[in-house]
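Step one of this worksheet: look at the structure below.
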Amino acid sequence: MEKTLIDLHLIKNIHTIEGKRKLNISLQIPEYGFITLFGKSGVGKTTMLRMISGLTKPDSGYIKVDNEIWFSNNDKVNIKTQERNIGFVFQDYALFPNMTVEEHLYYAQKERNVKHVNELLEIFSLEGLKKRKPDTLSGGQKQRTAVARALARKPQILLLDEPLSALDAETRQILQQEIMAAHKSFLATTILVSHDVDEISRLTDRVFVIDNGVIIKSGPPELIFGSTEADKNLSVKGKVISTTGNELKIRLNEGEINKLRAEDPIKIISEINSKES
Amino acid sequence: MDELFFQTFGISIKLALLTTIILFVIGVPAAYFLTYSKFRLKEVLQALISMPLVLPPSVLGFYLLIAFSPNYWFGDFLNHYFDIRLAFTFTGILVGSLIYNLPFMVNSLQAGFTNLPQSLKDASYTLGKSRFTTLTKILMPNIKPAILTGICLTFAHTIGEFGVILMIGGNIPGKTRVASLAVYDEVQSLNFAMAHKYSLFLFLFSFIILVFIYSINKEFLRWKKL
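Chains as they are written, first to last, in our numbering: chain A, 741 to 1017; chain B, 75 to 300.
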């Protein structure tokens, strides 16, 4: 039986672009799990992470972690962010301009642990950059630093707020692997906020879909998003002819058509021989 | 004559240094509070601190003079219990300077804090760091240009202060007479050569400080763009 690490029920009135909305969410997250909060932007995903971390106070409800109460409206408990053993990766990275990569990791630790810092620098390929300050790093390098910093204090819970949304596809893939590796070796229960289906399918065990302030469905990514095996394994070569709406027309290179299988969620309208390309 | 000149300038600089140091110590918590607190009457407090920017120095000087006078309760209280007399003393003009220059320090620091992304503070908290550690290790080091601007502006402005000091200091040579007052005095006694000497010094001094402020800000902007 897997143990439930986080048990929460939170109610909060939030202001979104579409006006006021009531967030009313219950979640049970297993220890060492890697789950995703999925939904449109402005739906309250970030607010959820902020409430779990104690940066935003819920209107009512409770948060229990490992049977310890972090927040309870009834018992008037609201332990400080500083006392919650979490790692938070912010959407804008929130790196400290005055510190080098290495200093970020040491700052995050309660007691200086050189071995752990070196380990993190290695996992996130930051060794060569450890003396650099954030303003000289690329987006991907900043992102790695932010994740490494969040892990430096060995958090029980890792909160990732759309950590890869600002990166190009290639960097994104490398980082997804690094995050996965880190998740496996440091065993932090992880909550990811994302709306990238591909990313969610690669990384997480369970998706909670939030809409209109409540969870409308939850389950493994392949159930929520349909079969995503194709997304993972399929790679075909060709030329994009046009994109209209959510329809993408591609002229495949010769032979590529054989890679497509009938069960793949791709509609083949007609087979065009593409010798001229 | 030269001795008097340096003595007068000495008082100006001593006043400016003390004002700047004390205001820095008061200014950091004040600016922090004004930036991050959710206190309802924050705007009122903000307006009060900024009053010296728009109020004629003579008005402030007048009220301070009354407050400091042993004929009124505050002056009497200080005189009676602490043996402190503020009217026409150096301590008096220092208190006046502190009030008068408060907005230069507080507003500069506050602008610095406000321009920092809120997420820096949040990130530090999620790493288990206290407010104090976050202030000294994260916030302050990242608003260095604002700190330098606040310090330089306060210092330069104190050197250039006139009205308040005239009202509460009484222009006593060797005690409360500062360089800016000396210019006025020398002109009154038609001693233009001496007035010129004071003025030129004040002009150059202020100019150099402002050039310094603008260069640190430029340096900072360049650094931010990288």
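Quick reminder that beta carbons are idealized off the backbone N, C-alpha and C, glycines included.
Using beta-carbon distances, Phe836(A) counts as an interface residue toward chain B, with a partner under 8 Å. Annotation for Leu122(B): the continuous alpha helix (DSSP H) segment containing it runs Lys116 to Val128.
Segment contact: the stretch 201-209 of chain B against the stretch 279-289 of chain B, fewer than three CB-CB distances shorter than 8 Å; contact not assigned.
Counting along the chain, the unbroken alpha helix (DSSP H) around Val238(B) starts and ends at Gly237 to Gly243.
For the stretch 174-195 of chain B, the set of positions with a beta-carbon nearer than 7 Å to some beta-carbon of chain A reads Pro191, Ser193 and Leu194 in chain order.
Interface criterion not met: the Cβ of Phe864(A) is under 8 Å from no Cβ in chain B. At least one C-beta of chain B is nearer than 8 Å to the C-beta of Asp832(A). Taken in chain order, the members of the stretch 846-858 of chain A whose beta-carbon sits within less than 9 Å of a beta-carbon on chain B are Tyr847, Ala848, Gln849 and Lys850. Excluding sequence positions up to five before and after Leu190(B), its CB lies within less than 8 Å of the CB of Leu213, Asn216 and Ile217, all in the same chain and listed in chain order.
Residues of chain B whose Cβ lies closer than 7 Å to the Cβ of Arg893(A) are, in chain order, Leu201 and Gly202. Counting along the chain, Val954(A) sits inside no alpha helix (DSSP H); it lies in the beta strand (DSSP E) bounded by residues Val954 to Gly959. For Asn216(B), a Cβ of chain A is located within less than 8 Å of the residue's own Cβ. Inter-segment contact for the stretch 899-909 of chain A and the stretch 750-757 of chain A is absent: fewer than three beta-carbon pairs are separated by less than 8 Å. A residue is called buried when at least 16 other Cβ atoms come within 10 angstroms of its Cβ; Phe281(B) does not meet this threshold and is exposed.
Contact of Ala197(B) with chain A is assigned, a C-beta pair being separated by under 8 Å. As DSSP reads the structure, His749(A) sits in a beta bridge with Ser766(A) and Tyr802(A). Looking only at Gly248(B), Thr232(B), Lys292(B) and Glu293(B), the smallest Cα-Cα distance to Phe80(B) is reached by Gly248(B). Proximity to Phe164(B) across Tyr272(B), His270(B) and Gly84(B) peaks at Gly84(B), based on C-alpha coordinates. Nearest to Gln849(A) by alpha-carbon distance, out of Asp951(A), Leu866(A), Gly827(A) and Leu835(A), is Gly827(A). In the three-state reduction of the DSSP assignment, Leu877(A) falls in the coil class. Secondary structure at Glu939(A): helix, using DSSP grouped into helix, strand and coil.
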